[in-house]
Amino acid sequence: MKNLNGKVVALTGAASGIGRCLAIQLAESGCHLALADVDSNGLQETIKLLLSANKVSSHIVDVANKEQVYAWADEVVAEHGHVDIVINNAGVASTSRLDEISYEDFNWVFNICFYGVLYGTKAFLPYLKERPEANVVNISSVNGFFPFPNNGPYNAAKHAVKALNQTFIQELRKTNVRITSVHPGGIKTNIVRNARFAKGGEDKADLAQEFDRVAGTSPEKAAKIIIGGIRKNRKRQLVGKDAVVIDLLVRLFPQGFADLVGLAFEKKEKKLKN
Numbered sequence: 001m002k003n004l005n006g007k008v009v010a011l012t013g014a015a016s017g018i019g020r021c022l023a024i025q026l027a028e029s030g031c032h033l034a035l036a037d038v039d040s041n042g043l044q045e046t047i048k049l050l051l052s053a054n055k056v057s058s059h060i061v062d063v064a065n066k067e068q069v070y071a072w073a074d075e076v077v078a079e080h081g082h083v084d085i086v087i088n089n090a091g092v093a094s095t096s097r098l099d100e101i102s103y104e105d106f107n108w109v110f111n112i113c114f115y116g117v118l119y120g121t122k123a124f125l126p127y128l129k130e131r132p133e134a135n136v137v138n139i140s141s142v143n144g145f146f147p148f149p150n151n152g153p154y155n156a157a158k159h160a161v162k163a164l165n166q167t168f169i170q171e172l173r174k175t176n177v178r179i180t181s182v183h184p185g186g187i188k189t190n191i192v193r194n195a196r197f198a199k200g201g202e203d204k205a206d207l208a209q210e211f212d213r214v215a216g217t218s219p220e221k222a223a224k225i226i227i228g229g230i231r232k233n234r235k236r237q238l239v240g241k242d243a244v245v246i247d248l249l250v251r252l253f254p255q256g257f258a259d260l261v262g263l264a265f266e267k268k269e270k271k272l273k274n
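Per the UniProt record's numbering, residue 1 is the first one in the sequence shown, and the count goes up by one each step.
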């Protein structure tokens, strides 16, 4: 979709991070926006940053709630007349070992990161099929092809999103709807600060500080790359140099690289306990 001017974009997770930057840059590209998040204050802050005069609507939506997502899709079309692009961006994390994490925390992550994407795609598909051209942009992660220890539910959800995207690409091949599977590496957002942590686990402030140190891509840069992927109708979009490197290492050492990272995390945990 080379020309974004005048396109109606439905975007989740718009209250902060990549979502906020996407909203700003899409507005600058001439898009009309239907912005969704559970954080009403953050959503209003995002809207205040939009200098464009294009139409913007805000919606409080829990993407893990199927009924809310379907109602949002109907609201978007009722308010904007149609929808051209859907970006399922909302995501959360929970830091814990799989043998220690509660099912509540696991499902909290999986319901938002996977089912939120599934609901968002299926709810809008009938409307998207009515357009001459349409795009669905589903945010997976490098965790979608490489797992990191103590991040099991996020790993599982993002792997599932990647598989979902690839299946949609196969099944929608002869339609006007294009799917882009986005795989960011470390992006300087608040996902770690907003994560759920196991009791007795690593200190959240320390982990957030470490994440900020290693995350190599700003949310502004990530948004620019994602929008570039939309313009080029890319089926798979890596975001960040670290994503490119990890993708290469996984291809070269499918299991060996995972073993090495697991060993490094094990040594780190032992050091923290001593």
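For every residue, glycine included, the Cβ atom is placed at its ideal position computed from N, Cα and C. Since the model is a prediction, treat every value here as computed from it, not as a measurement.
**Request:** Identify, in the order they occur along the chain, each residue of the same chain with its Cβ nearer than 8 Å to the Cβ of His82, setting aside the five sequence neighbours on each side.
**Result:** Looking up residue 82 in the sequence shown gives position 82. Closer than 8 Å at Cβ, skipping near neighbours: Val8, Tyr127, Glu130 and Arg131.
**Prompt:** Per DSSP, what kind of secondary structure is Gly201 in: helix, strand or coil?
**Reply:** If you number the sequence shown from 1, residue 201 lands on position 201. Bear in mind that the predicted position of Gly201 carries a pLDDT of just 49, short of 50, making it unreliable; the figure below should be weighed with that in mind. It is coil, neither helix nor strand.
**Prompt:** When the Cα atoms are used, what is the spatial distance from Pro184 to Ala15?
**Reply:** The sequence position of residue 184 within the sequence shown is 184, counting from 1. The sequence position of residue 15 within the sequence shown is 15, counting from 1. So the two alpha carbons sit approximately 18 Å from each other.
**Prompt:** Where do the N-terminal and C-terminal ends of the beta strand (DSSP E) with Ser57 fall, by residue?
**Reply:** Locating residue 57 in the sequence shown gives position 57, counting from the first residue. Start and end: Val56 to Ile60.
**Item:** Chain-order list of residues whose beta-carbon lies under 8 Å from that of Ile230 (same chain, five-residue window excluded)
**Value:** Position 230 of the sequence shown holds residue 230. The residues are Met1, Leu4, Ile85, Asn135, Val137 and Thr180.
**Item:** Closest Cα partner of Tyr154 within the set Phe110, Asn88 and Ile187
**Value:** Along the sequence shown, read from residue 1 onward, the residue named residue 154 stands at position 154. Checked all of Phe110, Asn88 and Ile187; the closest Cα to Tyr154 is Phe110.
**Asked** With 16 as the cutoff for other CB atoms within 10 Å, does Arg20 come out buried or exposed?
**Response** For the purposes of this step, residue 20 is taken as the residue at position 20 of the sequence shown. So Arg20 ends up on the buried side.
**Item:** Backbone CA spacing between Ser141 and Lys158 [nearest angstrom]
**Value:** Here residue 141 refers to the residue found at position 141 of the sequence shown. Here residue 158 refers to the residue found at position 158 of the sequence shown. C-alpha of Ser141 to C-alpha of Lys158: approximately 6 Å in a straight line.
**Asked** Counting along the chain, where does the alpha helix (DSSP H) carrying Thr180 start and finish?
**Response** Numbered from its first residue, the sequence shown carries residue 180 at position 180. Counting along the chain, Thr180 falls outside any alpha helix (DSSP H), though it belongs to the beta strand (DSSP E) covering Val177 to Pro184.
**Asked** Hey, quick one: how far does the beta strand (DSSP E) through Asp37 stretch, first residue to last?
**Response** As a first step, residue 37 must be located in the sequence shown, where it is residue number 37. For Asp37, the uninterrupted beta strand (DSSP E) segment begins and ends at His32 to Asp37.
**Prompt:** Name the DSSP beta bridge partners of Thr12, please?
**Reply:** If you number the sequence shown from 1, residue 12 lands on position 12. DSSP lists Ala36 as partners of Thr12.
**Request:** Put Ala134 into one of helix, strand or coil per three-state DSSP.
**Result:** Counting from 1 along the sequence shown, the entry for residue 134 is found at position 134. Ala134 falls in the strand class under three-state DSSP.
**Message:** Which of the three DSSP states is assigned to Ala88 in this structure?
**Reply:** What you label residue 88 is simply residue 88 of the sequence shown in a count that begins at 1. In the sequence as displayed, the identity of residue 88 is Asn instead of Ala. In this structure, Asn88 counts as strand in the three-state DSSP scheme.
**DSSP three-state assignment for Arg236, whether helix, strand or coil** = For the purposes of this step, residue 236 is identified with residue 236 of the sequence shown, where counting begins at 1. Correct three-state label for Arg236: strand.
**Request:** Use the C-beta contact count for Gly240: other C-beta atoms within 10 angstroms, 16 or more gives buried, fewer gives exposed.
**Result:** For the purposes of this step, residue 240 is identified with residue 240 of the sequence shown, where counting begins at 1. The residue is buried, with at least 16 neighbouring Cβ atoms inside 10 Å.
**Message:** Check this for me: beta carbons of Thr12 and Gly120, under 8 Å apart or not?
**Reply:** In the sequence shown, counting from the first residue as 1, residue 12 sits at position 12. In the sequence shown, counting from the first residue as 1, residue 120 sits at position 120. In terms of Cβ geometry, Thr12 and Gly120 form a close pair [threshold 8 Å].
**Prompt:** Looking only at DSSP bridge pairs, what is Ser96 linked to?
**Reply:** Here residue 96 refers to the residue found at position 96 when the sequence shown is read from its first residue. BP columns for Ser96 point to Asn151.
**Prompt:** Ile187 bridges to which residues according to DSSP?
**Reply:** Against the sequence shown, residue 187 aligns to sequence position 187. Partner(s): Thr217.
**Message:** Please classify Pro219 as buried or exposed, where buried requires at least 16 neighbouring CB atoms within 10 angstroms.
**Reply:** Counting from one through the sequence shown, the residue named residue 219 turns up at place 219. So Pro219 counts as buried.
**Message:** Rounded to the nearest angstrom, what separates Val261 and Gly216 at their Cα positions?
**Reply:** Against the sequence shown, residue 261 aligns to sequence position 261. Against the sequence shown, residue 216 aligns to sequence position 216. Whole-angstrom Cα-Cα distance: 18 Å.
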